[in-house]
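Working notes, structure below.
2 protein chains.
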Amino acid sequence: MLTGRQKDILSFIQTEQRDKGVTPSTREIQRHFGFASQTSVMQYLDALERKGFLGRHARKARALITPVQKIRITDIPIYGQIPAGMSALTEQDVEGHVSLDSSTVNASKNGRTFALRVRGDSMIEAHILDGDIVILEDRKDAQSGDIVAALIDGETTLKRYVMDHGRPYLKAENPLFPNLIPARELRIQGVMVSLVRKQLSRARRKRG
Amino acid sequence: MLTGRQKDILSFIQTEQRDKGVTPSTREIQRHFGFASQTSVMQYLDALERKGFLGRHARKARALITPVQKIRITDIPIYGQIPAGMSALTEQDVEGHVSLDSSTVNASKNGRTFALRVRGDSMIEAHILDGDIVILEDRKDAQSGDIVAALIDGETTLKRYVMDHGRPYLKAENPLFPNLIPARELRIQGVMVSLVRKQLSRARRKRG
DNA sequence: GCGGGTAATGTTCGTTTGAACACGTTTACT
DNA sequence: AGTAAACGTGTTCAAACGAACATTACCCGC
């Protein structure tokens with residue numbers, strides 16, 4: 195699709211963007227490739243834009259838009275504990291961040307997306323391990339079978355939401371853990387949409 | 195840490211960056227906030243830079259660097275099949291991409307990072323499911339216990355690499371699958387460093 | 001050998017843009 | 001009352017920058 199030279203130009207723009215944080219100007223591209231004129235650069239930019247590998251804002255400086263930029267990155271906060279529901283999402287409770295493209299997370303526009311670090315093995319039969327980062331979406335319309343984060347006795351727990359004859363309860367995916375039947379209210383904080391596991395390297399692992 | 199107004203400016207810059215793909219110029223910021231002078235903007239930029247919320251390239255146009263940009267995003271190609279080892283990584287075999295910040299992947303500088311979509315349940319006891327995206331690093335120094343992608347009979351498989359009395363073999367984490375003892379050569383293509391699971395929504399799921 | 005896409009040069013134009021200077025105003029804390 | 005910091009105006013300058021025009025050369029299929 196692209197000429198060898200066109201690929202070079204595009205990859206230079208992307209590399210610069212990554213390293214410097216800013217797309218290069220036509221003159222910078224010119225200098226890097228040893229062109230005697232900017233027009234050469236302009237021709238390449240035209241070609242790249244025509245072929246859809248580049249976006250441009252006319253008459254603006256350094257206004258190239260590379261495919262890398264087009265990827266929608268969602269910056270998801272990881273909460274250690276959510277005490278009082280989604281209303282009190284303070285920076286205080288943030289343990290860290292995960293950033294990933296919104297296409298791999300099924301992130302919808304309306305609901306807020308957040309993450310929890312899993313503690314314990316209560317969901318091990320759903321193949322969710324201690325230390326996993328579970329990404330959830332702030333939705334109230336959980337369906338039976340969904341894995342949800344819910345507020346029980348002031349603690350946030352990750353369980354499978356099951357509707358049994360019109361009565362919902364929280365099912366632990368581990369026979370060693372009890373299911374939770376809510377006394378009155380079941381407060382769902384989010385529905386699991388994705389999971390990220392950081393594989394520990396051999397050195398940091400306890401057992402093989 | 196930041197003044198209310200300073201936060202406004204910063205958030206405007208970030209929003210613009212996201213929507214347009216380019217950081218706004220001082221004049222654009224000026225216009226948006228209704229300042230009669232650019233100097234106001236300059237003062238805010240100075241403050242934001244001083245407090246570490248912004249990076250700047252002196253004397254360059256639209257050369258603001260927001261915290262969002264500073265996150266190192268790794269764009270990882272997902273391969274359906276790796277036929278002949280890491281040398282022949284053509285765009286042909288790319289099934290898609292995952293983008294996530296290099297801090298959650300244990301991405302080292304030297305090795306190339308790539309991903310595979312898992313097929314089958316042979317690693318289910320290592321809690322890796324059919325459809326999961328496994329992120330690997332192109333390393334040759336696999337240690338016993340590491341989960342690796344290896345080339346067996348022209349097919350790439352994901353197995354646990356086990357060294358047994360100086361003899362390596364590939365262990366399936368599912369009693370229904372056989373372990374693979376290499377006839378002569380064991381070609382390791384990568385070592386698993388991370389995992390991403392896209393939770394299917396209720397509608398697209400076959401069984402609860 | 002003719003046309004058309006690609007590649008490159010040399011030059012000029014007008015705007016966009018960051019930066020600086022001098023000065024005025026409000027807010028908040030001592 | 002004093003003062004420092006944040007906030008704001010008005011103006012000017014030089015550099016950075018995108019864009020355009022005319023011109024030349026190469027390569028490849030027909």
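Order-wise, the sequence lines are chains S and C. Each residue of the first sequence is one higher than the one before, counting from 195 in our numbering. Each residue of the second sequence is one higher than the one before, counting from 195 in our numbering. Beta carbons: idealized from backbone N, C-alpha and C, even for Gly.
Same chain, Cβ closer than 6 Å to residue i, five either side skipped, listed in chain order
i: C:D202; result: none
i: S:L196; result: none
i: S:S316; result: A366, N368, F371
i: S:G402; result: Caution is warranted here: a pLDDT of 37 is assigned to S:G402, below 50, making its placement in the model unreliable, and the coordinate value is therefore given only provisionally. So the list is empty, once near-sequence residues are dropped.
i: S:E243; result: R250
i: C:Y355; result: A336, D340, V342
i: C:G305; result: E331, D332, R333
i: C:I318; result: N368
DSSP three-state assignment for residue i, whether helix, strand or coil
i: C:M317; result: coil
i: S:D326; result: coil
i: C:L291; result: Correcting the residue identity first, residue 291 of chain C is His in this sequence and not Leu. The answer is strand: DSSP assigns C:H291 an E or B state.
i: C:L197; result: In the sequence as presented, Leu is not what sits at residue 197 of chain C; that position holds Thr. In this structure, C:T197 counts as coil in the three-state DSSP scheme.
i: C:L248; result: coil
i: S:E349; result: strand
i: C:E367; result: coil
i: S:L258; result: strand
i: C:G402; result: Interpretation of C:G402 is limited by its pLDDT of 37, a score under 50 that renders its predicted location unreliable; no figure is taken from the coordinates.
i: S:S296; result: coil
i: S:V312; result: coil
i: S:R306; result: coil
i: C:D335; result: coil
i: S:R391; result: strand
i: S:V385; result: strand
i: S:V216; result: coil
i: C:I265; result: coil
Identity of the residue in the options nearest residue i by Cα
i: C:I392; options: C:A336, C:T197, C:P376, C:I322; result: Rather than Ile, the amino acid found at residue 392 of chain C in this sequence is Lys. Considering only alpha carbons, the answer is C:I322.
i: S:I272; options: S:Q263, S:L294, S:A252; result: S:L294
i: S:R313; options: S:I327, S:Y238, S:G246; result: S:I327
i: S:G325; options: S:E289, S:S234, S:L364, S:D240; result: S:E289
i: C:H291; options: S:D287, S:S297, S:Q232, S:V292; result: S:S297
i: C:I375; options: C:K264, C:K214, C:K353; result: C:K353
i: S:Q407; options: C:A241, C:Q263, C:G305, C:A255; result: Any answer about residue 407 of chain S is impossible in this case: the structure gives chain S only from 195 up to 402.
i: S:L239; options: S:H359, S:R266, S:R199; result: S:R199
i: S:V385; options: S:G360, S:L310, S:L394, S:E319; result: S:L310
i: C:A377; options: C:L394, C:R361, C:T209; result: C:R361
i: C:I265; options: S:D287, S:K245, S:D213, S:A241; result: S:D213
Under 9 Å from the C-beta of residue i: neighbouring residues of chain S
i: C:I265; result: I267, D269, H291, S293
i: C:M386; result: Q393
Same chain, Cβ closer than 8 Å to residue i, neighbours up to 5 away in sequence not counted
i: C:T307; result: T268, I270, V299, A301, I329, L330, E331, D332, V387
i: S:E379; result: none
i: S:R253; result: none
i: S:I403; result: Past the boundaries of the shown model lies residue 403 of chain S; chain S is included only from 195 to 402, so the question cannot be answered.
i: C:H226; result: F206, P218
i: C:R256; result: V216, T217, P218, S219
i: S:L389; result: I322, D326, I327, V328, I329
i: C:Q204; result: Before going on, a small fix: residue 204 of chain C reads as Leu here, not Gln. Cβ within range, chain order: L196, L242, F247, L248, T260.
i: C:A320; result: I341, R354, E367
Proximal residues of chain C, C-beta to C-beta of residue i below 7 Å
i: S:G249; result: G215
i: S:T298; result: V292, V390, K392
Within chain C, partners of residue i - CB distance below 8 Å
i: S:H226; result: Those do not exist, as S:H226 stays about 15 Å from chain C at its closest Cβ, beyond 8 Å.
i: S:R256; result: V216, K254, A255, R256, A257
Sequence-distant residues of the same chain with beta carbon closer than 7 Å to residue i, five excluded per side
i: S:K400; result: Confidence is the limiting factor: at S:K400 the pLDDT is only 47, short of 50, which leaves the residue's position unreliable, though a coordinate-based value still follows. Taken in chain order, the list of residues that qualify is empty.
i: C:V337; result: A quick correction: the sequence has Gln, not Val, at residue 337 of chain C. Nothing listed; no residue qualifies.
i: C:Q232; result: T220, R221, Q224
i: C:M357; result: S338
i: S:N373; result: Y363, L364, K365, A366
i: S:F229; result: V235
i: C:A241; result: Q200
i: S:K245; result: M195, L196
Neighbouring residues, chain C, relative to residue i (Cβ below 9 Å)
i: S:V262; result: I267, D269, S293
i: S:L323; result: H321
Contacts that residue i makes with chain S (C-beta to C-beta distance below 7 Å)
i: C:L374; result: Under the 7 Å cutoff, chain S gives no residues; its nearest Cβ is about 18 Å from C:L374.
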